[in-house]
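A short worksheet on the structure shown next.
In full-length UniProt numbering, the protein residues as written are 1 to 249.
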């Protein structure tokens, strides 16, 4: 579980973070990160994982920032359909507007609630994520569970994964985005057998291959991108694509 707090007021930052950490300690709930940010850009730059284990407490009004909390929520939701979003604000009049943004927020918590009720609402949100974080991993998702990262991407959107110039790091390319995380290609194949390792540096989603250049040994994806296929893997990849096409027809 990763928890992100977006709040530009230092007093409220301290208040919410303290409550969250006390709740985690009291319930002995395991979590990987609990981070607080005062600027939307800082938060977005540090969100590297996707999935139902991602919990965001967002203030709606952020001073001196073009991207308000609602817009940040929309940006998060566009990249991650499974993340859990909770608005924490003094502006209760914004509550009807949140539905217009269609970000499927779990809750809308007023900062001016009585303290005990405020804490209970925060705890309910964390409990929801803790109890449901593994239940959101649907069959149609690519899910990678590593020691340093947890990634969840709709399988139909996954194009390919390649090794990074940075040791022990991988780069995932989907229709929507590019993600970097720590892991090994061998672990990717072990956890998701629907993928195919076409080269020592590439794992590809065969369902998203549009064509293969046999002579140049290049696989082209549906979005126009491409990845290398090794001489030893070209025949088996072509055979796999043919079998998939037979199943679809």
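The beta carbon of each residue, even a glycine, is placed where N, CA and C say it ideally should be. Just so you know, these numbers come straight off a predicted model, no measurement behind them.
Could you pull the start and end residues of the beta strand (DSSP E) that residue i belongs to?
i: residue 230; result: Unbroken run through residue 230: none, as it is neither H nor E.
i: residue 207; result: That residue, residue 207, is in no beta strand (DSSP E); it is neither H nor E in DSSP.
i: residue 186; result: Segment 185–191 is the alpha helix (DSSP H) holding residue 186; no beta strand (DSSP E) there.
i: residue 199; result: 196–199
i: residue 141; result: 141–145
Taking DSSP's pairing of strands, which residues face residue i in a bridge?
i: residue 174; result: 158
i: residue 131; result: None; residue 131 has no bridge partner.
i: residue 211; result: 220
i: residue 151; result: 144
i: residue 180; result: 171
Assuming residue i and residue j are in contact, meaning their beta carbons sit under 8 angstroms apart, how far apart are those beta carbons, in whole angstroms?
i: residue 170; j: residue 164; result: 6 angstroms
i: residue 151; j: residue 49; result: 6 angstroms
i: residue 126; j: residue 23; result: 6 angstroms
i: residue 46; j: residue 3; result: So it is not a contact: roughly 12 angstroms between Cβ atoms.
i: residue 6; j: residue 43; result: 5 angstroms
i: residue 129; j: residue 28; result: The pair is not a contact, with the Cβ atoms about 15 angstroms apart (cut-off 8 angstroms).
i: residue 272; j: residue 105; result: Shown here, the chain extends from 1 to 249; a query on residue 272 therefore has no answer.
i: residue 89; j: residue 61; result: 7 angstroms
Expressed to the nearest angstrom, what Euclidean distance is found between the alpha-carbon atoms of residue i and residue j?
i: residue 1; j: residue 234; result: 39 angstroms
i: residue 229; j: residue 218; result: 6 angstroms
i: residue 207; j: residue 237; result: 11 angstroms
i: residue 109; j: residue 146; result: 33 angstroms
i: residue 8; j: residue 173; result: 33 angstroms
i: residue 57; j: residue 210; result: 40 angstroms
i: residue 241; j: residue 212; result: 9 angstroms
i: residue 153; j: residue 143; result: 7 angstroms
i: residue 181; j: residue 245; result: 32 angstroms
i: residue 82; j: residue 133; result: 9 angstroms
i: residue 40; j: residue 215; result: 47 angstroms
i: residue 141; j: residue 156; result: 8 angstroms
i: residue 111; j: residue 176; result: 34 angstroms
i: residue 66; j: residue 55; result: Its pLDDT being 49, under 50, residue 66 is placed unreliably in this model, and the value from its coordinates should be taken loosely. Looking at the two C-alpha atoms, the distance is approximately 23 angstroms.
i: residue 17; j: residue 194; result: 40 angstroms
Does the ligand SAM have a heavy atom nearer than 8 angstroms to the CB of residue i?
i: residue 142; result: By its list of ligands, the structure shown contains no ligand whatsoever, and the ligand SAM lies outside what it can speak to.
Beta strand (DSSP E) runs wholly inside the UniProt domain "Response regulatory" (2–126), at least 3 long, in chain order: 2–6, 33–37, 54–58, 84–89 and 107–110
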